[in-house]
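So in my numbering, spot 212 of the sequence shown is number 212, and the numbers just go up one at a time.
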Amino acid sequence: RIIDNGALEDIIISEPAFFLHFHSNGIETNYGYVLTATPLNACQLFQNSTGTEFTEATPQVIESPHPYCNNFRVTQRFSFDDPSVTGIKIVFSDTTVLRGYDTITFSRDEARTDVIKRAERGHFEDILVHDPFFYLRFYTNRWYFDYGYVFTAYPLTACELFAESTGEEFSDMTARVIESPHPYCNNLDVTHGYAFTSSSAVGIKLEFSDSTALHSSDSLIISRDAERTDIIAVITNSNTHDLILSETAFYVHFITDDSSTNHGYTLTATPLTACDMFKLSTGALFTEAVPQVIESPHPYCNLLRVTHRYGFSDESVVAIRVVFSDATVLRGY
């Protein structure tokens, strides 16, 4: 660190020795400096650390003291200051051991309002961070301690992050933008699963952006299962119309070859309530000549102006008998 009158903040030195060089000019003097050098053990050094900004896109080993200490309440920020890095993969070492109720929390903010993953004893799976930074909170209680943690933070490009991802679950009813890298990469064979877990969700609306552009030899498939046995739609440049799904989960399969690429896809997934689904529905054409149950949401919603068409495509059907359930109840007008 170079110190002048404008930079007299504390310095943490991660070695037990340092050199101090004092340069003065030949014009005038002043009072000079006084500093206190406080020796720090491993735990004290760790508690004073605020994290690291890595300037190179290379894997970085991040670890606690070994063994760690009781009563830690340490939050650190780690980041990669390289424009090619869009995500980070965290892989724990087998030597990682936490004791009792001690935890490591990965989050997108210092206050931990947006938690990515919480790791505790026996649960040290790989973690995928969809940002070039993360906050790490290490909490230990006052009773026990153990070896601590060691993990490697691997910086990922947009295509590497996309290939590593398996999708995401959303717990609220907020629309989400889902997209490929722009432009996307060659030789992808990626399946991502997405789900809205709110009890209010009964369906999903998928809307593709006008910017979606695929190479003719590449495949974008929307399905109900990871194995692509129940395909909802195959997306091409001329087939990017909206989709209404009567499920709360779906899979996106993106397969590219080694020829040319293009801009890629961007879609918005909007969770739908029962009333939303009812309003968007246009009815149904039944292919089998068997009785079909047709119903409104329960309870239904105010200010509905909905028209649905129902029919049977079987040639043997010439008329339809409609029988209302005893549970049918309408209010007022």
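Just so it is clear, CB atoms sit at the ideal spot from N, CA and C, and this is done for glycine as well.
None of these values were measured; they are calculated from a predicted model.
With DSSP as the reference, identify every bridge partner of Ser-259, one or two as the case may be.
In the sequence shown, residue 259 corresponds to position 259, counting from 1. BP columns for Ser-259 are empty, so no partner.
I'd like the span of the beta strand (DSSP E) that includes Phe-80, first residue to last.
Translated into the one-based positions of the sequence shown, residue 80 becomes position 80. From DSSP, the beta strand (DSSP E) with Phe-80 extends over 73-80.
Per the DSSP calculation, Gly-203 is bridged to which residue(s)?
If you number the sequence shown from 1, residue 203 lands on position 203. DSSP lists Leu-272 as partners of Gly-203.
Using beta-carbon positions only, say whether Leu-136 and Gln-76 come within less than 9 angstroms of one another.
One-based indexing of the sequence shown puts residue 136 at position 136. One-based indexing of the sequence shown puts residue 76 at position 76. In this structure, Gln-76 lies closer than 9 angstroms to Leu-136 by Cβ.
Exposed or buried, what is Thr-248 when buried is set at 16 or more other beta-carbons lying within 10 Å of its beta-carbon?
Here residue 248 is taken as the residue at index 248 of the sequence shown, counted from 1. Burial call: buried.
Alpha carbons only, please: which of His-263, His-130 and Tyr-310 is nearest the one belonging to Gln-292?
Within the sequence shown, numbered from 1, the residue matching residue 292 stands at position 292. Of His-263, His-130 and Tyr-310, the residue nearest in Cα terms is Tyr-310.
Pick helix, strand or coil for Ala-319, following the three-state DSSP scheme.
Mapped onto the sequence shown, residue 319 falls at position 319. Coil, per DSSP.
Return the CA-CA distance between Ser-223 and Arg-73, expressed in angstroms with no decimal places.
As a working note, residue 223 is residue 223 in the sequence shown. As a working note, residue 73 is residue 73 in the sequence shown. Rounded to whole angstroms, Ser-223 to Arg-73 spans 45 angstroms at the Cα level.
Where are the alpha helix (DSSP H) runs, 4 residues long or more, that stay fully inside the segment 130-160, in chain order?
none
Classify Val-202: buried if its beta carbon has 16 or more other beta carbons within 10 angstroms, exposed otherwise.
In the sequence shown, residue 202 corresponds to position 202, counting from 1. Buried.
Helix, strand or coil for Gln-47 per DSSP?
The count along the sequence shown starts at 1 and reaches residue 47 at position 47. Three-state result, Gln-47: helix.
Exposure label - Ala-327; buried when at least 16 CB within 10 Å
Taking the first residue of the sequence shown as 1, we reach residue 327 at position 327. Exposed: under 16 other Cβ atoms inside 10 Å.
Based on the DSSP output, what are the partners of His-192 in its beta bridges?
The sequence position of residue 192 within the sequence shown is 192, counting from 1. Its beta-bridge partners are Val-252.
For the beta strand (DSSP E) containing Tyr-300, name the first residue and the last one.
Within the sequence shown, the letter at position 300 stands for residue 300. Segment: none, Tyr-300 is in no beta strand (DSSP E) and carries neither H nor E.
Would you mind reading off the limits of the beta strand (DSSP E) that contains Arg-176?
Along the sequence shown, one-based indexing puts residue 176 at 176. Counting along the chain, the beta strand (DSSP E) containing Arg-176 begins and ends at 176-179.
I need the DSSP call for Leu-214, collapsed to helix, strand or coil.
Within the sequence shown, numbered from 1, the residue matching residue 214 stands at position 214. Coil, per DSSP.
So, with DSSP's three-state summary, where would you put Glu-120?
If you number the sequence shown from 1, residue 120 lands on position 120. Reduced to three states, the DSSP call for Glu-120 is strand.
Name the DSSP bridge partner or partners of Glu-168?
For the purposes of this step, residue 168 is taken as the residue at position 168 of the sequence shown. DSSP output for Glu-168 lists Tyr-194 as bridge partner(s).
Answer yes or no: do Tyr-177 and Ile-221 have a C-beta to C-beta separation smaller than 9 angstroms?
Within the sequence shown, residue 177 is the residue found at index 177, counting from 1. Within the sequence shown, residue 221 is the residue found at index 221, counting from 1. First, the amino acid is wrong: residue 177 is Val here, not Tyr. Their beta carbons are not under 9 angstroms apart, which means Val-177 does not touch Ile-221 by this criterion.
How close, in whole Å, do the beta carbons of Lys-89 and Phe-106 come, if the pair is a contact with beta carbons under 8 angstroms?
Here residue 89 corresponds to residue number 89 of the sequence shown, with the count starting at 1. Here residue 106 corresponds to residue number 106 of the sequence shown, with the count starting at 1. Not quite, the Cβ-Cβ distance comes to about 12 angstroms (not below 8 angstroms), so this is no contact.
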